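Encoded structure:
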């Protein structure tokens, strides 16, 4: 798919900027592009899934759901380079289940200590955890989050940058300088058995 990222810099913005406006535009392009790539990568899991855990009539996912997904990948011999991609609302329920809170505010487990200190999981059951609102949604019996546990090597991404990497174009009639980047990319699942949908109802 052809992609275009465009940032408009007005003459006033350029002349009044205290920082390097071109560097700022480049950073904005990079951030926009990375968000789009992440959305596309995490959007490969649709409701046409082979294996799934969780329920569409329940807003919560549990550690047992993730363990069940891990068991599926082990049986499929696809349990290497594991990534758990979940929506922040799904992460909330996992944190709530796994972190022990008390009047002293302490948690003696290593997992709980990490979550209490960082407010997140870096890993869970051997999988790197990615919590992002760019996890997709779909519809089964209800609208649901399309989280997934998968083998990272089975998620494909192809990209072709178009030269020149950055182009500039001026529209003098409105005093705007356009900073443009064009590229082509695509995502896809290389091995369906290396993915398990981790679903829960949106809320």
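Residue numbers (the working numbering): 12 to 214.
Glycine included, every Cβ here is placed at the ideal spot set by N, Cα and C.
These numbers come from a predicted model, not from an experiment.
Beta carbon of residue i nearer than 8 angstroms to that of residue j
i	j	result
residue 192	residue 166	no
residue 65	residue 154	no
residue 194	residue 172	yes
residue 188	residue 25	yes
residue 96	residue 146	yes
residue 12	residue 211	no
residue 93	residue 160	yes
residue 74	residue 19	no
residue 63	residue 186	no
residue 61	residue 184	no
residue 110	residue 131	no
residue 50	residue 14	no
residue 190	residue 34	no
DSSP bridge partner residues for residue i (one or two, in chain order)
i	result
residue 56	The partner list for residue 56 (beta bridge, DSSP) is empty, contrary to what the question assumes.
residue 167	199
residue 13	195
residue 187	21 and 182
residue 158	209
residue 140	95
residue 215	The first residue shown for the chain is 12 and the last is 214, placing residue 215 beyond what the model contains.
Same chain, Cβ closer than 6 angstroms to residue i, five either side skipped, listed in chain order
i	result
residue 44	16
residue 141	96
residue 181	188
residue 100	none
residue 79	64
Contacting residues, own chain, Cβ-Cβ under 7 angstroms from residue i (five flanking each side not counted)
i	result
residue 220	Coverage of the chain is limited to positions 12 through 214, which leaves residue 220 absent and any answer about it impossible.
residue 67	151, 152, 153, 155, 210 and 212
residue 81	90, 136 and 160
residue 134	140
residue 32	20, 24 and 25
residue 199	55 and 167
Contacts around residue i, its chain only, beta-carbon distance under 8 angstroms, and the 5 residues preceding and following it disregarded
i	result
residue 69	211 and 212
residue 91	162 and 164
residue 83	62, 64 and 207
residue 29	none
| query | With a cut-off of 8 angstroms, do at least 3 Cβ pairs link the region 38-57 to the region 135-152? | reply | yes
| Runs of alpha helix (DSSP H) lying entirely within the region 15-56, each at least 4 residues, in chain order | 22-27 and 32-53
| query | At what residue ranges does the region 58-112 contain a whole run of the alpha helix (DSSP H), taking only runs of 4 or more? | reply | 74-86 and 99-109
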